[in-house]
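J.: Quick one: the structure is below, and I'll ask about it shortly.
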Amino acid sequence: MNDLTKLAPAKVFSFFRQIAAIPHGSGNTAQIAQFCLDFAAERGLKAVKDAGDNVIIYADGTPGYENSEPIIIQGHMDMVCEKTADCQKNMETDGLDLLTDGEWLWADGTTLGGDDGIALAYMFALLDSDDIPHPPLECVITRDEETGMFGAELFEAENVRGKKILNIDSEEEGILTVSCAGGITAHCEFEFSRHRYDSCYEYEISVSGLRGGHSGVDIGKGRLNAFEMLAKPLERLSDFYFGTISGGGKMNVIPQNASIIIGSDADKLEALEKIIQKCNDMHYGGDAEPDLLFSVKEINTNHQVKYFENKCYFYYMEDFLKFFPTGVQSMSESIEGMVETSLNMGVLEMNDIFMSCDFLIRSNTDSGKDAVVETVRSFCESIGDEIDFDGMTLSAEYPAWEYRKDSPLRDLMVEVFRDQYGREPVVAGIHAGLECGIFSKKIKDADAVSFGPDIENIHTPKERLNIASVQRTWEFLKEILRRSK
Ligand SMILES: [Zn+2]
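Numbers given in our numbering equal positions in the sequence shown, counted from 1, plus 94.
So this is what it looks like as structure tokens:
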């Protein structure tokens with residue numbers, strides 16, 4: 095194992111080690127916040143802790159840059175705490191055990207917190223140096239990004255003057271992120287006036303083998319929603335009673351499995367097996383979902399499941415599963431290959447008289463998000479007459495970071511990248527949330543770009559930070575500041 099103190103850039107890794115020695119999981123950030131404040135006080139730098147418990151450290155411009163436009167450098171102080179099954183460490187109270195082979199840096203048995211400790215290490219290394227030319231700096235260190243961006247949510251914009259934001263919270267060197275999705279959750283409730291019917295023969299039809307994935311970043315990869323796939327066997331059935339449906343479970347995960355229970359007056363297993371065989375023969379999953387599997391089995395619920403007596407409900411549910419809006423709704427016109435608007439029905443619950451479903455709606459434009467909310471509402475209103483739509487509750491809304499056609503910061507960073515690397519960076523957007531979404535709403539005319547060195551397997555004990563990438567990104571950061579006169 096190599097010596098941690100020999101890693102370069104020395105100052106960046108020295109601060110990274112100090113940060114790693116302080117437990118700083120989400121919800122446990124008082125100590126790291128105090129470390130930031132002490133760091134500033136020891137160097138005579140002005141610092142504030144705002145209403146969101148975010149820390150902001152200020153530095154004047156270096157000679158020749160005194161009157162330049164300030165630049166905000168931003169990262170989050172909390173990390174995701176995960177450890178291997180056999181790791182004894184208490185991440186609430188203990189620092190991390192860093193290890194390196196000279197090429198990578200990781201932590202023994204736990205997450206590394208490179209996300210987003212490296213941002214803080216860069217900030218401290220900059221603020222601690224007197225030989226790096228830079229404009230006035232406003233280093234914004236937010237609290238509890240990982241669990242819901244709670245610090246950014248309460249950030250007080252009057253504490254900063256800068257409009258240009260360098261967000262150091264991306265994990266792939268060479269990608270400049272310039273847009274992120276906003277989101278909102280729609281919880282929809284339905285009520286039935288159904289009569290009970292205790293069926294003699296009961297069957298469970300299931301969909302399994304789907305890949306699932308993150309409802310934002312994986313939604314454009316052809317992943318199928320298990321609830322949607324259940325409509326395939328349903329449309330081939332008639333003369334059954336609809337019992338219940340279950341599956342999925344998390345709003346931000348594309349459902350991988352789902353099943354329905356149906357009832358019949360007569361033994362129809364053989365007929366159902368033929369239908370299921372036909373569904374499997376159709377290969378609805380294509381190349382993107384090769385393991386999609388339909389199956390059926392006879393079950394006995396001991397009358398735990400109640401059925402709709404009126405077979406019309408069967409058709410209502412079939413229509414519901416066939417037509418509910420889900421997946422990609424539109425692609426971006428500004429950023430090639432980026433999903434702009436999508437939604438995921440991740441949760442569907444049903445009991446004797448109620449059904450509820452939860453949609454997570456995402457869009458890289460605020461108008462796209464609003465439009466999908468209305469699509470969901472009108473879909474719910476259009477379901478059969480016998481199923482009452484009780485309404486929709488919206489919650490957990492956060493804003494999109496919209497692509498800026500005109501972005502001097504992006505132009506500068508592309509230019510610096512080209513000069514340093516001899517190639518073009520990838521300018522991209524992500525279809526998931528970043529703190530830049532909140533900052534771009536709170537700071538008028540904000541011009542933000544997110545970037546960072548290579549970090550693999552974030553949020554897992556296999557997280558590791560590439561040393562050479564940290565070095566190159568450090569040079570990149572310093573050059574951006576040098577050219578920001
Ligand atoms: Zn992060």
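For glycine and all other residues, C-beta sits at the position ideal for the given N, C-alpha and C.
#1: Here's a check: name, in chain order, each residue in its chain whose Cβ is nearer than 7 Å to the Cβ of ALA145, leaving out the five neighbours to either side.
#2: From what residue to what residue does the alpha helix (DSSP H) around ASP222 run?
#3: Which value, in whole angstroms, describes the spacing of the CA atoms of SER120 and ILE113?
#4: Count the other CB atoms within 10 Å of the CB of ASP209; is the residue buried (16 or more) or exposed (fewer)?
#5: On a Cα-Cα basis, can you pick out the residue from MET376, ASP359, GLY343 that is closest to LYS405?
#6: What three-state label does DSSP hand ARG566 in the structure shown?
#7: Using the beta-carbon count (16 or more within 10 Å), is ASN96 buried or exposed?
#8: Does ligand 1 have a heavy atom nearer than 7 Å to the CB of ASP210?
#9: Please classify ASN184 as buried or exposed, where buried requires at least 16 other C-beta atoms within 10 Å of its C-beta.
#10: Can you tell me whether PRO157 is buried or exposed? The criterion is at least 16 other CB atoms within 10 Å of its CB, across all chains shown.
#11: Would you say the beta carbon of ASP238 is closer than 7 Å to some non-hydrogen atom of ligand 1?
#12: Just how far apart, CA to CA, sit ASP505 and LEU575?
#13: Beta carbon of ASP361: closer than 7 Å to some heavy atom of ligand 1?
#14: Between ALA246 and ASP263, what straight-line distance do the alpha-carbon atoms span, to the nearest angstrom?
#15: Let's test the definition: count the other Cβ atoms within 10 Å of the Cβ of HIS377 and tell me whether it reaches 16, buried, or not, exposed.
#16: Could you tell me which uninterrupted beta strand (DSSP E) segments, each at least 3 residues in length, are contained entirely in the stretch 358 to 429, listed from first to last along the chain?
#17: Quick one: Cα of ILE549 to Cα of ARG111, how far?
#18: Is ASP263 near ligand 1 - that is, is its Cβ less than 7 Å away from at least one heavy atom of it?
#19: Taking LYS535 as the reference, give the member of ALA219, HIS281, GLY276, ASP312 with the closest Cα.
#20: Buried or exposed, going by whether 16 or more other CB atoms sit within 10 Å of the CB of ILE355?
#21: Can you find a heavy atom of ligand 1 that lies under 7 Å from the Cβ of HIS377?
#22: For ASP452, which beta-bridge partners are listed by DSSP?
#23: Under 8 Å between the Cβ atoms of VAL564 and PRO547?
#24: Is DSSP giving VAL254 helix, strand or coil here?
#25: In the structure shown, what three-state DSSP assignment does GLU529 receive?
#26: Would the beta-carbon of HIS118 be found less than 7 Å away from any heavy atom of ligand 1?
#27: Within a Cβ cutoff of 8 Å, which residues of the same chain sit near GLU329, ignoring the five residues on either side of it in sequence?
#28: DSSP three-state call for TYR515: helix, strand or coil?
#29: Quick check: does the Cβ of HIS170 come within less than 7 Å of any heavy atom belonging to ligand 1?
#30: Determine the direct distance from the alpha carbon of ALA115 to that of ASN261, and round the result to whole angstroms.
#31: Evaluate contact between the stretch 230 to 239 and the stretch 164 to 175, counting only Cβ atoms and requiring at least three cross-stretch pairs below 8 Å.
#32: Look up ALA522 in the DSSP assignment and say whether it is helix, strand or coil.
#33: Can you pull the DSSP bridge partners for ARG558?
#34: With DSSP as the reference, label MET171 as helix, strand or coil.
#35: Please state whether the Cβ-Cβ distance between PHE286 and PRO327 is less than 8 Å.
#36: Which of helix, strand or coil does DSSP assign to LEU503?
T.: Let me lay it out:
#1: LEU248, GLU250
#2: 208 to 222
#3: 14 Å
#4: buried
#5: ASP359
#6: helix
#7: exposed
#8: yes
#9: exposed
#10: exposed
#11: no
#12: 14 Å
#13: no
#14: 14 Å
#15: exposed
#16: 387 to 393, 421 to 425
#17: 16 Å
#18: yes
#19: GLY276
#20: buried
#21: no
#22: HIS281, VAL441
#23: yes
#24: coil
#25: helix
#26: no
#27: GLU412, LYS416
#28: helix
#29: yes
#30: 24 Å
#31: yes
#32: strand
#33: TRP200, GLU550
#34: coil
#35: no
#36: helix
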